[in-house]
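Peer 1: Each residue of the sequence shown is one higher than the one before, counting from 33 in my numbering.
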Amino acid sequence: MPSAISDSSKARGSSPRTLASATIQERSCCLRSDEGGCRTWAGRSASMGPSTGSHQDHLEAPVTANPSAEDLLRAERRLQAAQLAGDVAALDRLLDDRLVAIGPDGARYTKEDDLAGHRSGSSVVSDLVEEHLELVVAGTTGVTFFTGRVAGTFESSPMSARLRYTRTWVHDIQAGWRILAAHIAVLPPDG
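Rendered as structure tokens:
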């Protein structure tokens, strides 16, 4: 039975707090499933701040036997924190070995391409502000739809853009949620 989450920070107030090396904007989103109803879930967006220590406890989470929308949301949040921190070990855990990602220019990237960029410092995410997040879970497959502003460097060149990421996740009992495929599109700055 598919379930879905929709989260829009524009419609809700948020209060910042610091979690390790990232400033987190707290807000809530709604988990929906085929049965109807709505449960509130705390969500976050992150932007890079001064490092205050280890972020490992935020990036590690237990693997559950039954995939859920809540677990997928936690995996998306760990991904965002790992991107901001440049945490290659956390990214390695969150990216499936078979990853195929298509960039805004149509270029194809693999897991090794992504990890190599973070290792070398040629790909750095310095700011990540989530505007909207939706997700759908059907069995052991999940999809996240992220819209937000991202800044940093890509292939050693400065970049700042409003992006939409569509990520397809797969769940297995040993690794939990991992990204199998992704597509990135550049959006107009204000709409």
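Where a beta carbon is used, it is the ideal one built from N, C-alpha and C, also for glycine. Everything numeric in this text was worked out from a predicted model, so none of it was measured.
At 3 residues or longer, what runs of the beta strand (DSSP E) sit wholly inside the stretch 147-174?
Peer 2: 156-170
Peer 1: When the Cα atoms are used, what is the spatial distance from S155 to V202?
Peer 2: 25 angstroms
Peer 1: Provide the residue span of the beta strand (DSSP E) that contains D128, from first to last.
Peer 2: 127-134
Peer 1: Tell me which residues share the same chain as L219 and place their Cβ nearer than 6 angstroms to its Cβ, disregarding the 5 neighbours each side in the sequence.
Peer 2: Excluding sequence neighbours, L219 sits near R194, R196.
Peer 1: Of the choices E187, D204, T185, T179, whose alpha-carbon is the least far from that of T198?
Peer 2: T179
Peer 1: Could you tell me the distance, in whole angstroms, from the CA atom of M191 to the CA atom of G135?
Peer 2: Spanning the two alpha carbons is a distance of roughly 13 angstroms.
Peer 1: Who are the near neighbours of T176 in its chain, counting only those whose CB is closer than 6 angstroms to its CB and skipping five residues on each side?
Peer 2: E108, L167, R199
Peer 1: Just to confirm before moving on: does the CB-CB distance between V157 and V182 stay below 9 angstroms?
Peer 2: yes
Peer 1: Could you check what DSSP says for A121 in three-state terms: helix, strand or coil?
Peer 2: Three-state result, A121: helix.
Peer 1: Which same chain residues end up closer than 7 angstroms to H215 when comparing Cβ atoms and leaving out the 5 residues on each side of it in sequence?
Peer 2: Short of 7 angstroms from the beta carbon of H215, and not among the five residues preceding or following it, lie these beta carbons of its own chain, in chain order: I134, T198.
Peer 1: Could you check what DSSP says for A139 in three-state terms: helix, strand or coil?
Peer 2: coil
Peer 1: Use the C-beta contact count for Q115: other C-beta atoms within 10 angstroms, 16 or more gives buried, fewer gives exposed.
Peer 2: buried
Peer 1: Could you pull the start and end residues of the beta strand (DSSP E) that I211 belongs to?
Peer 2: DSSP places I211 in the uninterrupted beta strand (DSSP E) bounded by 208-219.
Peer 1: For P190, report the span of its beta strand (DSSP E) as first-last.
Peer 2: 189-204
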